[in-house]
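The block underneath contains the structure these notes are about, expressed in structure tokens.
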Amino acid sequence: MTLLTLAFEDDLCTFLTPAQRHGTFELNVDGSPSIKDVVESVGVPHTEPDTILVNQVSVPYSYVVCDGDQIQVYSVRSGTSPLLGLANPLHHLQPPNPTEATFVLDVHLGRLAAYLRMLGFDTLYQNYCDDDVLAQISSNERRILLTRDVGLLKRSIVIYGYFVRQTIPIDQLEEVIYRYDLSSKLEPFKRCIRCNGLLELIPKAAIAGEVPENIARAYETFQRCRSCRQIYWKGTHFQRMQSLTERLLARSRVPAP
586 MTLLTLAFED DLCTFLTPAQ RHGTFELNVD GSPSIKDVVE SVGVPHTEPD TILVNQVSVP
646 YSYVVCDGDQ IQVYSVRSGT SPLLGLANPL HHLQPPNPTE ATFVLDVHLG RLAAYLRMLG
706 FDTLYQNYCD DDVLAQISSN ERRILLTRDV GLLKRSIVIY GYFVRQTIPI DQLEEVIYRY
766 DLSSKLEPFK RCIRCNGLLE LIPKAAIAGE VPENIARAYE TFQRCRSCRQ IYWKGTHFQR
826 MQSLTERLLA RSRVPAP
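Plus 585 on top of the position in the sequence shown (first one is 1) and you've got this note's numbering.
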């Protein structure tokens with residue numbers, strides 16, 4: 586048996602058992618597994634840690650553990666301050682954030698998907714998509730996989746992935762924007778909330794007979810989804826979405842457009 590001592594920063598303790606969440610804990614493992622296998626064996630998917638120190642040395646996921654190793658695990662949220670002063674270069678385990686953030690979401694995050702589309706992000710979501718398909722889409726299209734299913738993130742083909750901690754959709758939205766530094770990339774009302782298609786302005790005459798007469802009389806500006814043909818106008822639904830967007834931008838300390 587190989588005896589290890591592990592400590593995870595607070596942000597990663599979500600995945601641990603209650604007994605493992607306070608300070609350090611010891612773990613016996615068979616043989617000499619990789620540090621990646623050790624981390625996932627205690628519940629933490631490989632998409633979450635960004636830096637691992639073994640005996641105060643930064644190591645890659647391929648590192649093979651040894652008896653007596655002292656292991657500290659940090660997430661992307663840690664930044665560099667806890668790691669200052671290390672003699673060797675840091676091995677960042679997570680890839681840099683994509684230049685253009687695109688997403689695929691699991692079946693439990695439908696409201697979050699709508700919010701992300703509302704803010705202009707290319708977001709795939711279907712309420713019947715199984716885990717194999719989600720993981721494959723994420724891998725093939727380099728989309729960030731957002732989920733509350735830890736097992737889904739442990740699939741080896743998933744490179745870009747994140748476990749959403751919050752359970753309230755608007756809080757989930759703020760969490761994702763913070764995690765991927767998206768505050769400066771919001772483009773509200775660019776995409777269709779229903780299907781993710783791009784919206785385009787259309788002449789008022791083009792919607793004759795497609796919206797109620799009172800709507801046609803009350804509004805001058807209309808948009809249509811290029812994909813599903815859904816028509817949007819600046820009614821109460823638009824106003825609610827705009828209010829939500831402005832509130833989110835305010836919470837992120839970014840001036841509203």
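Ideal Cβ positions, reconstructed from N, Cα and C, are used throughout, including at glycine. Note that this is a predicted model, so its numbers are computed, not measured.
- Message: Rounded to whole angstroms, what is the Cα-Cα separation between residue 693 and residue 733?
- Response: So the alpha carbons of these two residues sit roughly 8 Å apart.
- Query: Per DSSP, what kind of secondary structure is residue 692 in: helix, strand or coil?
  - Reply: It is coil, neither helix nor strand.
- Tell me residue 809's beta-bridge partners as DSSP assigns them. Beta-bridge pairing links residue 809 to 785, 816.
- Query: So, residue 679 versus residue 635, is the Cβ gap smaller than 8 Å?
  - Reply: Contact: yes.
- Message: For the structure I just gave you, are there three or more beta carbon pairs, one from the region 740-759 and one from the region 822-835, closer than 8 Å?
- Response: Yes, since at least three Cβ pairs between the region 740-759 and the region 822-835 fall closer than 8 Å, the two stretches touch.
- Under three-state DSSP, which class holds residue 618? Here DSSP, grouped into helix, strand and coil, assigns residue 618 to coil.
- Task: Please report how far the alpha carbon of residue 841 lies from the alpha carbon of residue 801, in whole angstroms.
- Result: Annotation note: pLDDT 42 at residue 841 (below 50); position unreliable, coordinate value reported separately. Rounded to whole angstroms, residue 841 and residue 801 show a C-alpha spacing of 28 Å.
- Query: With DSSP run on the structure shown, which of helix, strand or coil describes residue 772?
  - Reply: In the three-state reduction of the DSSP assignment, residue 772 falls in the coil class.
- Message: My output table needs one value for residue 835: the three-state DSSP class, helix, strand or coil.
- Response: Three-state DSSP puts residue 835 in a helix.
- Three-state secondary structure (DSSP) of residue 725: Here residue 725 sits in helix by DSSP.
- Hey, how far is the Cα of residue 544 from the Cα of residue 676? Residue 544 lies beyond the residue range present for the chain, which begins at 586 and ends at 842; the question has no answer from this structure.
- Task: Below 8 Å on the Cβ atoms is my guess for residue 773 versus residue 703; work out the distance and round it to an integer in Å.
- Result: About 7 Å separates the two Cβ atoms, so the contact holds.
- Query: Around the Cβ of residue 763, are there at least 16 other Cβ atoms within 10 angstroms (buried) or fewer (exposed)?
  - Reply: With fewer than 16 other CB atoms across the displayed protein chains lying within 10 angstroms of its CB, residue 763 is exposed.
- Query: Around the C-beta of residue 624, are 16 or more other C-beta atoms found within 10 angstroms, so that it is buried, or is it exposed?
  - Reply: That one is buried.
- Task: Measure the C-alpha to C-alpha separation of residue 701 and residue 707 and round it to an integer number of angstroms.
- Result: Taking the straight line from one Cα to the other gives about 8 Å.
- Message: Measuring only the C-alpha atoms, how far is residue 654 from residue 768?
- Response: When rounded, the separation of the alpha-carbon atoms in residue 654 and residue 768 is 40 Å.
- With a 10 Å radius around its C-beta and 16 neighbouring C-beta atoms as the bar for buried, classify residue 673 as buried or exposed. By the neighbour-count rule (16 or more Cβ atoms within 10 Å), residue 673 is not buried but exposed.
- Message: Going by beta-carbon coordinates alone, are residue 710 and residue 698 separated by less than 8 Å?
- Response: Closer than 8 Å, so yes.
- With burial defined as no fewer than 16 other Cβ atoms inside 10 Å of the residue's Cβ, what is the status of residue 826: buried or exposed? Note on residue 826: 16 or more other CB atoms within 10 angstroms of its CB, so buried under the neighbour-count rule.
- Query: Going by alpha carbons, who is nearest to residue 771 out of 656, 610, 685, 812?
  - Reply: Comparing Cα positions, the closest option is 685.
- Task: Would you mind reading off the limits of the alpha helix (DSSP H) that contains residue 754?
- Result: Taken as a continuous stretch (DSSP letters only), the alpha helix (DSSP H) holding residue 754 covers 754-764.
- Message: Quick check on DSSP: helix, strand or coil for residue 611?
- Response: If DSSP states are grouped into helix, strand and coil, residue 611 belongs with the strands.
- Message: Checking 8 Å against the spacing of the C-beta atoms, do residue 798 and residue 816 come in under that value?
- Response: No; because the gap between Cβ atoms is not below 8 Å, this pair is not in contact.
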